[in-house]
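Numbering (UniProt numbering), first residue to last: 1 to 483.
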Amino acid sequence: MLDCKVSDWPISYLGLPLGGNPTASGFWNPVIERISRRLDGWQKAYLSFGGRITLVHSCLSHIPSYFLSLFKIPASVAAKIERLQRDFLWSGVGEGKRDHLVSWDAVCKPRVKGGLGFGKIPLRNRALLGKWLWRFPRETTALWHQVILSIYGTHSNGWDANTLVRWSHRCPWKAIAQVFQDFSKYTRFVAGNGERIRLWEDLWWGDQIFKVQYPRLFRVVTDKDSPISSILGPVRPFSWNFNFRRNLSDSEIQDLECLMRSLDSMHFSNSASDARSWSLSSLGLFTVKSFFIALSQMPDLSPTFPTKFVWNSLVPFKVKAFVWLVAHKKVNTNDLLQLRRPHKVLCPDICKLCMKQGESADHLFLHCSVTLGLWHRLFQLAKLDWVPPRSISDMMLINYKGFGNSKRGIVMWQNASIALIWVVWRERNARIFEDKVRNSENLWDSIHFLASLWAFCSAVFKGIPLNVLQLDWISVCSSNGTI
């Protein structure tokens, strides 16, 4: 009669479902479908491991962000999205199943911890939801603030909405309120006129709330929610209206004297309102990134990772990605292939460069007689004495400064070291799969050319011709500018 279409819940509004159940896996189907469509679009593209890392970072990790900023993602859906990311990272699209060389937990760690910085989706979800907790007391005139306040009421701290939400699981604010405990660890208050900050229960002075610092005093306080202004007064000298419910013992008097001394240097600003600050930012402002990093922190007993050597180098990204695998000792050398696919491994297990010992990452890239000769030649060029370290990861951690302390010297040394690792791996593969062999002189020429080419393409060596770079690394690295 009205010529209107009949529709079912949920409906899409501003790109988000309205009226659905976020705890149901079907609610998240649009996100899964978008990721699948994007993967289908890469079906025929040949992508290196480094290229896939870039696409996971720039695309696959951000597709769910809009949903994650408002709804709590179910664990099963998060696992499904991470499985799509994981399979694409290691196998690409339509390229068959391949080995997952590094565990997903290690991959998701920050780069400084040896990961690729993808981060776990549930942690990113919590960090994005925390943004609403930051905005709530700052946007008091916004309609959404007034709606939340009218439904749930005010938190006992006077700043936030009530976090005890007993409404349906369909309600987004319930998921947001569940983040409050983690969120509140990184907030502190900045006293202005002292009218909104609770003296005992808010973090506003020192590194702990006074409730925790002085538990004996807190137990005998009559009004535990009193604001600063009602206890200290608006101006100096302070009035010290603590309002204890009984006379204090000797130990409690000592605590009170300590508390009063600590507050003696405090000054109010009657013209300024109290404010909330974010302790993880130098500016005191909330950022999703800082909250996400804080949530991602965990006890890490793993060895130190050579982050600067791998990621600060000025080499092609696909080469950085390979060196990251080498630092983890997860490239497909014979010792690992024996564990993963013993029916396909080379037999006998022998290094194809020296034909003397078994092949492992440490042997192939450091201790093999062929590789060791190349390292010795590099150190002789830099006029440095050298004793081979125990492992290739230790080699990456040591700051040799072979070509000096200048920016050019550091870049060129990294280029040369990484070029050596890259050339050795390509030579190993050429001998196995193509039955081609080059001598050490040809390998050194390739290392010298690649390191010079990568330097030529970087801004650090801007204006220096490639032939000049190839001629004398030490002279170029010691020069301050023009050649």
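Note that the Cβ used here is the ideal one computed from N, Cα and C, for glycine as well.
Taking only the alpha-carbon atoms, compute the straight-line gap between Val77 and Arg83 and give it to the nearest angstrom.
-> The alpha-carbon atoms of Val77 and Arg83 are separated by roughly 10 Å.
Could you check what DSSP says for Arg188 in three-state terms: helix, strand or coil?
-> Correct three-state label for Arg188: strand.
In chain order, what residues of the same chain have a beta carbon less than 7 Å from the beta carbon of Asp223, not counting five sequence neighbours either side?
-> Cβ neighbours of Asp223 beyond the five flanking positions: Asn243.
Could you give the residue range of the alpha helix (DSSP H) that holds Ser269?
-> For Ser269, no alpha helix (DSSP H) encloses it, and the DSSP letter there is neither H nor E.
How do the stretch 390–401 and the stretch 362–371 stand: do at least 3 beta-carbon pairs fall below 8 Å, yes or no?
-> Yes: the two stretches touch, three or more of their Cβ pairs being nearer than 8 Å.
Arg38 versus Phe189, Phe49, Gln85, residue with shortest Cα-Cα distance = Comparing C-alpha distances from Arg38 to each of Phe189, Phe49, Gln85 shows the shortest one belongs to Gln85.
Please state whether DSSP places Ala416 in a helix, a strand or coil.
-> Ala416: helix per DSSP, three-state reduction.
Contiguous alpha helix (DSSP H) assignments of at least 4 residues, all confined to the stretch 182–264 | If we require 4 residues or more, the alpha helix (DSSP H) runs fully inside the stretch 182–264 come out as 210–213, 215–219, 228–232, 250–263.
Using the Cα positions of Arg340 and Leu143, report the straight-line distance between them to the nearest angstrom.
-> Inter-residue distance for Arg340 and Leu143 is about 58 Å (C-alpha atoms, whole angstroms).
At what residues does the beta strand (DSSP E) containing Leu18 begin and finish?
-> Counting along the chain, the unbroken beta strand (DSSP E) around Leu18 starts and ends at 16–18.
Short Cβ contact (8 Å threshold) for Arg126 with Gly117 = For the pair Arg126 and Gly117, the CB atoms are not nearer than the 8 Å cut-off.
Cross-strand partners of Thr154 (DSSP beta bridge) | Partner(s): Ala161.
In three-state terms, what does DSSP make of Ser277?
-> DSSP places Ser277 in strand when its eight states are reduced to three.
Contacting residues, own chain, Cβ-Cβ under 6 Å from Val31 (five flanking each side not counted) = Hits under 6 Å: Pro64, Phe67.
With a 10 Å radius around its C-beta and 16 neighbouring C-beta atoms as the bar for buried, classify Pro306 as buried or exposed.
-> Burial is judged here by how many other beta carbons sit within 10 angstroms of a residue's own beta carbon; Pro306 has at least 16 and is buried.
Of the choices Thr23, Gly51, Arg124, Gly463, whose alpha-carbon is the least far from that of Ile293?
-> Considering only alpha carbons, the answer is Arg124.
Can you grab the Cα-Cα spacing for the pair Lys320 / Ala275, in whole Å?
-> Using only the alpha carbons, I get a separation of about 44 Å.
Cβ neighbour criterion (16 or more within 10 Å) applied to Ser52 = Note that residue 52 is Arg in the sequence shown here, rather than Ser. Flag for Arg52 reads buried.
Run of the alpha helix (DSSP H) containing Ala78, from where it starts to where it stops | Element bounds for Ala78: 75–91.
Under the assumption that Arg408 contacts Phe461 (Cβ atoms under 8 Å), give the Cβ distance between them as a whole number of angstroms.
-> For a cut-off of 8 Å, the C-beta gap from Arg408 to Phe461 is around 6 Å, short enough to register as a contact.
Three-state secondary structure assigned by DSSP to His62 = Of the three classes helix, strand and coil, the one that applies to His62 here is coil, per DSSP.
With distances taken from CA atoms, which of Lys80, Ser69, Leu89 is nearest Cys59?
-> Nearest C-alpha to Cys59: Leu89.
Local Cβ density within 10 Å of Gly481, reported as buried at 16 or more and exposed below that = Residue placement at Gly481 cannot be trusted, given a pLDDT of 48 that sits under 50; what the coordinates show is reported in the next sentence. By the 10 Å Cβ count, Gly481 comes out exposed.
Please confirm if the stretch 439–459 is in contact with the stretch 409–429, defined as three or more CB-CB distances below 8 Å between the two stretches.
-> When Cβ pairs closer than 8 Å are counted between the two stretches, the stretch 439–459 is seen to touch the stretch 409–429, the count reaching three or more.
Cβ contact (3+ pairs, closer than 8 Å) linking the stretch 261–268 and the stretch 197–210 = Three or more Cβ pairs drawn from the stretch 261–268 and the stretch 197–210 lie within less than 8 Å of each other, which places the two stretches in contact.
Pairwise C-alpha distance: Phe183 and Gln146 = In this structure, the alpha-carbon of Gln146 lies about 21 Å from that of Phe183.
DSSP state of Gly481, grouped into three classes?
-> For Gly481, the predicted structure reports a pLDDT of 48, less than 50, and the residue's modelled location is therefore unreliable. A value from the coordinates is still provided. It is coil, neither helix nor strand.
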